[in-house]
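For reference, the structure discussed in these notes is given below.
Next up, the structure:
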């Protein structure tokens, strides 16, 4: 069939389509549908199919509310049968290509691989890498830990979203050769909760060897909680769906929309009551996830693979604009966050909190509040990981400062997720998109080109070189803490914001 290409996998043949010189396969199942008795259970292998499967349309997105701030196609189909991958690859070559696997963000309860911004055409067009994007369970179905409600008749397993991601990486290991990819050279990359999934997976023994490099963009790496907290959230969830604990097994039969609605209530309620926390996130279950990830990095227990990690200069701005409870962006909520951290970390010296507060002279004004919230959620966890990981494996750190004139005028700047269109080269996926109303397109395209070349070079060769004469990106270590500041022109800065780093210290602060 003209303009198509069939890939062979152990589960059956998959037909993709030539889209402007890049072959694309969409909606390939990597696991069995997690429905019926498999709801709230770990993923199972997909069924073998006969004939050639037409893989030209995205699979359904995971069950979630479509009335949210993340731009999803209004025509998106939601279904529990959502465990699919998509593949972008240049025409076949004699040698297998390195693979880059994208894990999307969305605060662990939103998002999908079919979001237009994640179209990987431009990344794959270079011919240097094959790109895979992954759907996995989110929210109630993927990151609500109901294991405390298990009984002899009904078992609820932990960290289902992470288990889905591992199953997808196992699919890559077993199947990507049929698409021209090299299963022995896999880079995972992701943003926000996708990046937090990656920093967690880097400490998961079962994920060892499934990926060989990692890029973590703005990971909320300390938003991983303990079993006791997870059990408390699970009981509150039962209250919302009007079930007694002894009847938790009925969750397997309840309508999807009823579970989504209760999950959305949790998403708003939990961070409002305890600012700085998420309702649903990975859990230290001592099984799949044996340790709190940042502590595992500091103990040298993370997989010793090359890592790029970084944050954006103005992470909190978009949360303030949306009035989202997911980040504390008022003086009162930041104070409540610190009160909660002190209560959750026995023996934390009061003078340490005082030193941190003193490092933000703009408090309690909005500028200081957003800076402190940014550092608590993203920058310091990334700093702690970079410091620790650089002792054991090659590490590169960045700070994304680039913002168009319009985003600066709107006081959004380099907000959370602002780097995504630069990494994928996809501008204009929002409708309407104000990004270039005051100009700046040429500069943005130049920055995007450098970022894509660095990301692809890292995936293909293990070194984030722009390959165009741009600034050489020096590896990060604890002596210099050299950081690439990505802006109109890339610059290398040793230990940026050193005063803030020293105020926070090296001991991890977070909720358990």
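Numbering (the working numbering), first residue to last: 5 to 516.
Glycine included, each C-beta is placed from N, C-alpha and C at the ideal position.
Predicted, not measured: the structure shown is a model, and the values here were computed from it.
{"Query": "Indicate whether residue 169 and residue 205 have their beta-carbon atoms separated by less than 8 Å.", "Result": "yes"}
{"Query": "Using CA coordinates, which residue listed in 102, 320, 132, 228 is at the minimum distance from residue 294?", "Result": "228"}
{"Query": "Would you report the Cα separation of residue 136 and residue 389, rounded to the nearest angstrom?", "Result": "26 Å"}
{"Query": "Which residue wins for smallest C-alpha separation from residue 351, given the options 512, 89, 179, 71?", "Result": "512"}
{"Query": "If you follow the beta strand (DSSP E) that residue 189 is part of, which residue opens it and which one closes it?", "Result": "185-195"}
{"Query": "Please look up how many angstroms separate the CB atoms of residue 264 and residue 68, rounded, as I've assumed it's under 8 Å.", "Result": "6 Å"}
{"Query": "If you draw a straight line from the C-alpha of residue 77 to the C-alpha of residue 250, how long is it?", "Result": "39 Å"}
{"Query": "Here's the rule I'm using: 16 or more other beta-carbon atoms within 10 Å means buried, otherwise exposed. How should residue 259 be labelled?", "Result": "exposed"}
{"Query": "Out of curiosity, what's the CA-to-CA distance linking residue 506 and residue 87?", "Result": "43 Å"}
{"Query": "Pop quiz: residue 524 and residue 431 are said to be a contact at Cβ under 8 Å. What is the actual Cβ separation, rounded to whole angstroms?", "Result": "Because the chain in this structure spans residues 5 to 516, residue 524 falls outside the shown range and cannot be described."}
{"Query": "Evaluate contact between the stretch 295-305 and the stretch 355-372, counting only Cβ atoms and requiring at least three cross-stretch pairs below 8 Å.", "Result": "no"}
{"Query": "What is the residue span of the beta strand (DSSP E) that residue 9 lies within?", "Result": "8-13"}
{"Query": "What's the gap between the Cα of residue 65 and the Cα of residue 484?", "Result": "43 Å"}
{"Query": "Quick check on residue 449: does DSSP put it in helix, strand or coil?", "Result": "helix"}
{"Query": "Between the C-alpha atoms of residue 270 and residue 396, what's the straight-line distance to the nearest angstrom?", "Result": "38 Å"}
{"Query": "Relative to the C-alpha of residue 501, which candidate in 172, 392, 442, 315 has its C-alpha closest?", "Result": "315"}
{"Query": "By the 10 Å Cβ neighbour count, where 16 or more other Cβ atoms means buried, how is residue 2 classified, buried or exposed?", "Result": "In the structure as shown, the chain begins at 5 and stops at 516. Residue 2 is therefore absent and cannot be evaluated."}
{"Query": "Tell me, please, whether the stretch 401-412 touches the stretch 228-244 by the rule of three or more beta-carbon pairs shorter than 8 Å.", "Result": "no"}
{"Query": "If you count every other CB in all the chains shown that lies within 10 Å of the CB of residue 267, and 16 or more means buried, which is it?", "Result": "buried"}
{"Query": "Would the beta-carbon of residue 333 fall within 8 Å of that of residue 384?", "Result": "no"}
{"Query": "Just the Cα atoms here: how many angstroms apart are residue 106 and residue 323?", "Result": "23 Å"}
{"Query": "In its own chain, which residues sit with a C-beta less than 6 Å from the C-beta of residue 470, not counting the 5 before and 5 after it?", "Result": "454, 457, 458"}
{"Query": "Mind checking whether residue 330 and residue 286 have CB atoms under 8 Å apart?", "Result": "no"}
{"Query": "Identify which residue in 92, 357, 126 has its Cα closest to the Cα of residue 452.", "Result": "126"}
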